[in-house]
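> Residue 3 is where the sequence shown starts when you use my numbering, and the numbers rise one by one after that. Here a beta-carbon is modelled for each residue, glycine too, at the ideal position from N, C-alpha and C. Below you'll find the structure I mean.
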Amino acid sequence: MSYVLKSLENCKLKLNNRLVFPPMATAKSDNGMVSQNLLDYYDEKSKGGYMSLIVIEHSYITPQGRASKGQLSIAEDCNMEGLKKLAEVIHKNGSKAIMQINHAGSATNIEITEGYESVGPSAIINPRAKSDIPKELNKDEIKEIIEAFKVAAKRVKDAGFDGVEIHSAHAYLLNQFYSPLTNKRTDEYGGDVLGRIKIHLEVIKAVKEAVGSDFPILLRLGACDYTEGGTTIEDSKIAALEFQKAGIDILDISGGFCGYIVPGKENEQGYFSEITEAIKEGISIPVILTGGITKIEAAEKLISSGKADLIGVGRAAFKDSMWAKNAIESIK
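Structure (structure tokens):
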């Protein structure tokens, strides 16, 4: 029996196989609104339900947290009808749909946010985005952002999605709190890894209050920065366990300030697997592994060897919408 074709049952999110289409920005929205181009894109990527799970690209929870001009918005009720259509398009093709919610933090600029200054855990230039020096968030502002995540998550549920994913990777705001490269705070939101993920735990709690205990909550973690002075695999193991305790149902692993790749491992199938393998030793919830996976044989091996429970195939499926169909048919 193929490991990839095995259904996922022991989770709130029931999936018919182990293939995931991970969130990738398309810049196809129309000033934050769901466009026909965006609907057509996800219709094509979910066709046939061969990808059991589609994770929609990151959507901004407030105008201040907007990362790019073409980014999708979850910040306003006026986008709800479009979001409902987006969930329906994916469902009619047989896939489950998750929406990823995000705040850019310092990974933006005043032109993109249309007047809002960028913010961060500390007044430090984002080493990946290389944007302006952000304003350091005070505790009241942190609470406002947590509330914005809560409201956004409720919109995701009301739009008919199957779950919500909290974005804490790729040098965006929650990743900025997690990483000591950008979090130099001396209060309870800084210091050791437990302090640096305090905001995550508060976001998770708020999201759970908004969507209820039966609605799946995922978290995408930029687990390791692969940069001197940045987050480590040991940090990710500690954080993963705390996220599981807080109620995360599936952990989605990617890079931190290293971005989408591991330096020197660009051609390796599943180049974040050393992280997922270490994380899985300490938690029982499913783990998604994404990163350079282009061959179904590699996906099979990564699952069978215990390095992941679900496999994200991004760039290969982005380039070839038939990738999942062809891959599954080759191992049936």
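So who's on the other strand from Gly253, going by DSSP bridges?
The question names Gly, but residue 253 in the sequence shown is Leu. Its beta-bridge partners are Leu221 and Val289.
> I'd like to know if the segment 131-143 and the segment 151-159 are in contact, where contact means that at least 3 CB-CB pairs between them fall below 8 Å.
No, because fewer than three Cβ pairs between the segment 131-143 and the segment 151-159 fall closer than 8 Å, the two stretches do not touch.
> Within the segment 265-328, note down every full beta strand (DSSP E) run reaching 3 residues or more, in order along the chain.
Segments of the beta strand (DSSP E) lying fully in the segment 265-328: 289-292 and 312-314.
> Report the residue from Phe320, Lys327, Ile305 and Asn328 whose alpha carbon sits nearest the alpha carbon of Met26.
If we check each option's Cα against that of Met26, Phe320 comes out closest.
> Quick check: what's the CA-CA separation for Ala301 versus Met3?
If you take the alpha carbons of Ala301 and Met3, they lie about 14 Å apart.
> What did DSSP end up calling Ser54 once you bin it into helix, strand or coil?
Of the three classes helix, strand and coil, the one that applies to Ser54 here is coil, per DSSP.
> With a cut-off of 8 Å, do at least 3 Cβ pairs link the segment 216-236 to the segment 254-266?
Output reads yes: the segment 254-266 touches the segment 216-236.
> List the whole-angstrom C-beta distance separating Ser170 from Arg222, where the pair is believed to meet the contact cut-off of C-beta under 8 Å.
Confirmed, about 6 Å.
> Where DSSP assigns a beta bridge to Cys226, which residues make up the other side?
DSSP output for Cys226 lists Gly257 as bridge partner(s).
> How is Phe163 classed by DSSP in three states: helix, strand or coil?
Here Phe163 sits in coil by DSSP.
> Is it buried or exposed for Ser97, if we count other Cβ within 10 angstroms and need 16 for buried?
Result: buried.
> Comparing C-alpha positions only, which one of Asn81, His202, Leu40 and Gly107 sits nearest to Ala173?
The residue with the shortest Cα to Cα distance from Ala173 is Gly107.
> My output table needs one value for Met101: the three-state DSSP class, helix, strand or coil.
Strand at Met101.
> Between Ile112, Val195 and Val166, which has its C-alpha nearest Ile252's C-alpha?
The shortest Cα separation from Ile252 among Ile112, Val195 and Val166 belongs to Val166.
> Comparing C-alpha positions only, which one of Ser70, Lys87 and Thr64 sits nearest to Ile76?
Checking every option, the nearest Cα to that of Ile76 belongs to Thr64.
> Since Tyr273 and Gly249 should fall inside the 8 Å C-beta cutoff, what is the C-beta to C-beta distance between them, to a whole number of angstroms?
About 29 Å separates the two Cβ atoms, so there is no contact after all.
> Apply the 10 Å Cβ neighbour rule to Asn104 and answer buried if 16 or more other Cβ atoms are within range, or exposed otherwise.
It is buried - the Cβ of Asn104 has at least 16 other Cβ atoms within 10 Å.
> Around the C-beta of Asp348, are 16 or more other C-beta atoms found within 10 angstroms, so that it is buried, or is it exposed?
In this structure the chain extends from 3 to 334, so residue 348 is not present and cannot be described.
> With which residues is Met3 paired in a DSSP beta bridge?
DSSP lists no partner for Met3.
> What is the rounded straight-line gap between the Cα of Glu90 and the Cα of Gly162?
Distance between the alpha carbons of Glu90 and Gly162: 8 Å.
> If we count the other Cβ atoms within 10 Å of its Cβ and call it buried at 16 or more, is Leu176 buried or exposed?
When all chains shown are included, Leu176 counts as buried.
> Output the distance between the C-alpha atoms of Lys152 and Cys80, rounded to the nearest integer angstrom.
Their Cα atoms are separated by approximately 17 Å.
> Distance check for Gly284 and Tyr180, CA to CA, integer angstroms please.
Taking the straight line from one Cα to the other gives about 19 Å.
> Counting only runs that start and end within the segment 89-147, where is the alpha helix (DSSP H) found for 4 or more residues in a row?
Qualifying alpha helix (DSSP H) stretches, in chain order: 112-115.
> Checking 9 Å against the spacing of the C-beta atoms, do Lys141 and Asp194 come in under that value?
No.
> Counting only the same chain and skipping the five closest in sequence on each side, list residues whose C-beta sits under 7 Å from that of Ile144.
Answer for Ile144: Tyr191 and Ile201, listed in chain order.
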